[in-house]
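For the protein sequence lines, the chains are A and B, in the order given. The working numbering applies: residue 1 is where the first sequence begins, and numbers increase by one. The working numbering applies: residue 1001 is where the second sequence begins, and numbers increase by one. Positions of the beta carbon are idealized from the N, C-alpha and C atoms, including for glycine. This one's a predicted model, so the numbers in the text were calculated from it and none came from an experiment.
Number of protein chains: 2
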Amino acid sequence: MTEERPLRADARRNREAILKAARHIFAKHGSQAQIDDVAKRAKVGVGTVYRHFPTKEALFEALARDKFERLAGLADTAMGIEDPWEGIVFFLKEAAALQAADRTLSEVFRDHGDFMVDTAQSCGLSELGDRLVQRAQDAGVLRDDIRGTDLGLISCSLAGVPPVWSWERMLDIALDGLRPADRLTDLAG
Amino acid sequence: MTEERPLRADARRNREAILKAARHIFAKHGSQAQIDDVAKRAKVGVGTVYRHFPTKEALFEALARDKFERLAGLADTAMGIEDPWEGIVFFLKEAAALQAADRTLSEVFRDHGDFMVDTAQSCGLSELGDRLVQRAQDAGVLRDDIRGTDLGLISCSLAGVPPVWSWERMLDIALDGLRPADRLTDLAG
DNA sequence: AACGATATGGAGTTGCGGTTCCGTTTGTCA
DNA sequence: TGACAAACGGAACCGCAACTCCATATCGTT
C-alpha cells in the first residue's frame, strides 16, 4: 500500500531544512507559529512545506515526536549516572530546561495529553521513566509510593511555571516531596 | 474626564448576561472562545458585546480580574481556618480546582505573567498569600524557606498538569515538599 | 542529451472570526 | 405621551493565515 520510494536528493535536503527552520520558529511561537515564516526561514516556498507536511498539525506533530525522542535520550543518559537520585534530578532538570526553551513541548503537555502519553510510550520514554524510578527506590533514595508516570507529572507541572517565576525553585520543592523523609534541600538563599 | 453616567437598566442587565455567558464559554474554550458564541449564549447581538467590551481582549481581562478576586476570597476563607497548615492546603486545593474548571485562569498563568502579578497585587491576593505563609511558619508547620509567592508558583505548576493525570497527586507531592521534615503524606493507594 | 517523474515557488483562494456600522428599538425624563 | 439619547441586533466588512494550484525547474535514468 504505502510504497516507500526514496526521496529525491533535493527533496531530502529541503525536508531537513524545513524541519530545522520549524524547530526554531515553533520553539519561539508555539503552535501559532506561521507556516510562511517557516518557509521563509527554510528558504523554500510554502508549497514545498505542504508537500512534505500536508498540514500544520502534521508538522507540529513531527516536531513533537522529535522532542520526545530527545527526552528519551535524556532518560537514557540519566540511567548512566551512578547515583540514582542524581539520575532523577538530572532528568527532571534537563527536561524542564528543554521545555523552557521550547513552547512546542509544553504545548503538547498542556493540550494534547493523549498524544503525549502515546508518544512517551512508543519512544520508550515511559519504560525508561519506570526504570529510573525503580532503581532509585531500590537504592532507598526515593519514596516508595512514587510511580514512573510521576516524572511526567512533575515535568508537566514545571512547564506550567511562567517565566516571571523560576521552574528551578518549583523543582526543588517537588524534589523534596519525592525524597524519603530525611534530608531536604535548603530553599533559602 | 471619564464622566461615569449610570447605565440604562437594559444595558446593565445585558452586561451581566454577557459576563455570565462569557464566563461559561471562556471557561471551556479559553481565550480562543468566539465572541459570536458568547453573544448567542447571552441572547444578545455581537454589537452589544462590543458596546460593553471594546475588544475580545478587554472581555478576557475582565473575566480574569473576576477570577483573581475569587482567589483572593479563597485566601481569605483560608485565613479563617484555625489550623494554619489546613489553611494552606485548602487554598491550594481550591485554587487548583478553580483552574481545572476554567481555562481562563490557567491561560493567564501561562501567557500573561505580568498581568497575573499585577492583578494578584492589586486585589490583595499577594498580601493574603504572605500572611497565609507567615502564619503557618509561626506555627512551625511550614518550612521557613518558603515565601508567599510560592503559593502562586505551586498554583501555576498545578495548572500545567493535563487532564490525563491528576493535579491532586501533584499537589500531594508539592505539599510534602513544603512541610518541615516530619510527617509526609502517603501517596500510595 | 533527452525524457519522464518528481519537486518547487509563490501568487491566489478560501474560510474563519474579530470588529464596524447603521437602521431600528427601548428606556428615561419632562 | 412625545422626544431624544442610549442601547441594540446582526449583516457586512476586512485582515489574516492555512492551504491549493499549476507553470516552471530539477533530478535521475537510459
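Close Cβ partners of E1069 of chain B (< 6 Å) along its chain, the five nearest in sequence each way excluded: C1123
For a minimum of 4 consecutive residues, which ranges assigned as the alpha helix (DSSP H) are wholly contained in the segment 94 to 175 of chain A? 103 to 111, 113 to 122, 125 to 138, 149 to 159
For A1027 of chain B, would you say it is in contact with chain A, using Cβ-to-Cβ distances shorter than 9 Å as the test? The beta carbon of A1027 of chain B does not come within 9 Å of any beta carbon belonging to chain A, so the residue lies off that interface.
Measuring CB to CB, does L74 of chain A end up less than 9 Å from A95 of chain A? With contacts defined as CB atoms closer than 9 Å, L74 of chain A and A95 of chain A qualify as a contacting pair.
Which of the three DSSP states is assigned to T1185 of chain B in this structure? Only weak support exists for where T1185 of chain B lies, its pLDDT of 48 falling under 50; the coordinates are left without a value.
If the cut is a Cβ gap below 8 Å, which residues of chain B does H169 of chain A touch? The sequence given here places Arg at residue 169 of chain A; His does not occur at that position. Within chain B, the residues near R169 of chain A are D1150, L1153.
Please work out which residues of its chain come closer than 6 Å, Cβ to Cβ, to A1137 of chain B, disregarding the five sequence neighbours upstream and downstream, and give them in chain order. The sequence as given places Gln at residue 1137 of chain B; Ala does not occur at that position. Here the set comprises D1144.
Excluding the 5 residues preceding and the 5 following I1154 of chain B in the sequence, name in chain order all residues of the same chain whose CB lies nearer than 7 Å to its CB. L1092, A1174
Give the straight-line distance between the Cα atoms of R1015 of chain B and R1065 of chain B, rounded to the nearest whole angstrom. 16 Å
In angstroms with no decimal places, state the Cα-to-Cα distance between D1150 of chain B and F1109 of chain B. 14 Å
Of all Cβ atoms in chain B, is any one closer than 9 Å to the Cβ of I198 of chain A? Since the first residue of chain A shown is 1 and the last is 189, residue 198 of chain A is not available in this structure.
Between L1059 of chain B and A1120 of chain B, is the Cβ-Cβ spacing less than 9 Å? Not closer than 9 Å, so no.
Residues that S126 of chain A contacts on chain B, provided the C-beta gap is smaller than 9 Å: By Cβ distance, chain B contributes nothing, its closest Cβ being about 13 Å from S126 of chain A, past 9 Å.
Per DSSP, what kind of secondary structure is A62 of chain A in: helix, strand or coil? helix
Sequence-distant residues of the same chain with beta carbon closer than 6 Å to G1148 of chain B, five excluded per side: G1129, D1130, V1133
How big is the Cα-Cα spacing for D1102 of chain B and L1158 of chain B? 13 Å
Quick one, which of A:W167, A:V49, A:V38, A:I146 has its alpha-carbon nearest A21 of chain A's? A:V38
To the nearest angstrom, how far is the alpha carbon of R1051 of chain B from that of A1011 of chain B? Each residue's alpha carbon lies about 10 Å from the other.
Please check the pair V164 of chain A and G1030 of chain B, which I expect to be a contact at CB under 8 Å, by giving their CB distance rounded to whole angstroms. That pair is no contact at about 20 Å.
Between the alpha carbons of E61 of chain A and Q34 of chain A, how many angstroms are there, rounded? 15 Å
Starting from A1022 of chain B, trace the alpha helix (DSSP H) in both directions and tell me its first and last residue. 1009 to 1029
Quick one: Cα of K1067 of chain B to Cα of F1090 of chain B, how far? 17 Å
For S31 of chain A, would you say it is in contact with chain B, using Cβ-to-Cβ distances shorter than 9 Å as the test? For S31 of chain A, the answer is no, since every Cβ of chain B falls outside 9 Å of its Cβ.
Of the listed residues B:M1170, B:G1140, B:A1042, B:A1027, nearest to R1179 of chain B (C-alpha basis): B:G1140
Give the DSSP-derived three-state secondary structure of K43 of chain A in the structure shown. coil
Quick one, which residues of the segment 1102 to 1113 of chain B are near chain A if we go by CB-CB under 7 Å, in chain order? F1109, R1110, G1113
Should A95 of chain A be flagged as near chain B, meaning a C-beta pair shorter than 9 Å? No, its Cβ sits nowhere closer than 9 Å to a Cβ of chain B.
Quick check on this structure: which residue in A:V46, A:S106, A:R5, A:L125 has the alpha carbon closest to the alpha carbon of A78 of chain A? A:L125
Leaving out the 5 sequence neighbours to the left and right, which residues in its chain are closer than 7 Å to K1056 of chain B when beta-carbon positions are compared? I1035
Under 9 Å between C-beta atoms, does W1085 of chain B make it to chain A? Not a single C-beta of chain A is nearer than 9 Å to the C-beta of W1085 of chain B.
For a cutoff of 9 Å on Cβ pairs, would you count I122 of chain A as touching chain B? Checking the displayed sequence, the identity of residue 122 of chain A turns out to be Ser instead of Ile. No, S122 of chain A lies away from the interface with chain B (no Cβ there is under 9 Å from its Cβ).
Cβ neighbour criterion (16 or more within 10 Å) applied to E1082 of chain B: exposed
Using the three-state DSSP reduction, which class does A1078 of chain B fall into: helix, strand or coil? In the three-state reduction of the DSSP assignment, A1078 of chain B falls in the helix class, which pools H, G and I.
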